[in-house]
Amino acid sequence: MKEQINEYKKFLADDTQASLQTRLRVKKNVLKYLQPPLKKLLPKFLFSLSAGGLTTLAICPQFGVGPLIQGHGIGHVFMQFGETACAAFCGAFYISISTIVALLILKPHERMVIFDYHYRLLSGFSVATFLLFMVLNKSLELPSLYNSPSAFVAWLLSGLAASAIISRVSLSLTKS
3 MKEQINEYKK FLADDTQASL QTRLRVKKNV LKYLQPPLKK LLPKFLFSLS
53 AGGLTTLAIC PQFGVGPLIQ GHGIGHVFMQ FGETACAAFC GAFYISISTI
103 VALLILKPHE RMVIFDYHYR LLSGFSVATF LLFMVLNKSL ELPSLYNSPS
153 AFVAWLLSGL AASAIISRVS LSLTKS
């Protein structure tokens with residue numbers, strides 16, 4: 003053990019530097035790990051968003067789409083405050099839980115890459131999910147708690163706002 007410590011101290015005291023080629027290769031490998039391309043992260047990110055979204059459907063069906071329970075789940079509680087308020091809660095709940103699950107699954111350096119595209123990715127996911135729920139609702143004639151344009155806008159905007167808040171908190175925690 004003493005021999006290894008002495009060898010390590012000798013290594014630290016040595017002024018020899020790695021060749022430029024070696025340093026560039028190491029830097030490239032570190033950057034490749036810390037900044038993976040979006041095309042490699044996107045499937046993982048979308049899968050984790052979808053997994054989080056499916057989890058929320060267990061207790062809060064969206065536009066009548068909810069495979070695990072009958073009825074509207076906790077939506078009836080929020081319907082007391084009106085159709086738009088209920089839609090706003092449902093959108094915020096769905097998108098924020100999806101975002102939380104995605105942030106828990108992604109590694110910190112992967113989150114940083116996603117944050118570079120944050121609003122475009124989450125906006126796209128929100129709109130795609132919204133459209134999917136609308137198509138399922140209309141084609142399967144599912145019972146929905148809300149059907150007004152103001153409720154639809156509230157669902158989208160509250161979902162994006164909740165996701166942005168959660169992402170900002172996560173980003174500040176990741177950087178610290």
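The sequence shown begins at 3 in this note's numbering and counts up by one. We put the CB at the ideal spot given by N, CA and C, even for glycine.
Enclosing alpha helix (DSSP H) for G84 [first to last residue]: The residue labelled residue 84 in the question sits at position 82 within the sequence shown. First-last for G84: undefined, no H or E at that position.
Span of the alpha helix (DSSP H) around N149: Taking the sequence shown and counting its residues from 1, the one referred to as residue 149 is at position 147. Element bounds for N149: n/a, residue is neither H nor E.
Whole-number beta carbon distance between A94 and S160, since they are thought to touch under 8 Å: Start at 1 with the first residue of the sequence shown, and residue 160 comes out as number 158. Start at 1 with the first residue of the sequence shown, and residue 94 comes out as number 92. Sure, about 4 Å apart at Cβ, within 8 Å.
Residue range of the alpha helix (DSSP H) that includes D17: Here the question's residue 17 lines up with position 15 in the sequence shown. That residue, D17, is in no alpha helix (DSSP H); it is neither H nor E in DSSP.
The alpha helix (DSSP H) enclosing P110, as first and last residue numbers: Here residue 110 is taken as the residue at index 108 of the sequence shown, counted from 1. Counting along the chain, the unbroken alpha helix (DSSP H) around P110 starts and ends at P110 to D118.
Cβ-Cβ separation, I168 to S98 (assumed contact under 8 Å), whole Å: Mapped onto the sequence shown, residue 98 falls at position 96. Mapped onto the sequence shown, residue 168 falls at position 166. Going by Cβ atoms, the distance from S98 to I168 rounds to 5 Å, so yes, they are a contact pair.
Beta-carbon proximity of Q64 to F135, cut-off 8 Å: If you number the sequence shown from 1, residue 64 lands on position 62. If you number the sequence shown from 1, residue 135 lands on position 133. Yes; because the gap between Cβ atoms is below 8 Å, this pair is in contact.
Given S165 as reference, the closest of G55, L43 and P110 once Cα atoms are compared: Position 163 of the sequence shown, counted from the first residue, corresponds to residue 165. The shortest Cα separation from S165 among G55, L43 and P110 belongs to G55.
Meets three-Cβ-pair contact criterion under 8 Å: the stretch 11 to 18 and the stretch 81 to 93: no
For M136, the three-state DSSP class (helix, strand or coil): For this step, residue 136 is matched to residue 134 along the sequence shown. The answer is helix: DSSP assigns M136 an H, G or I state.
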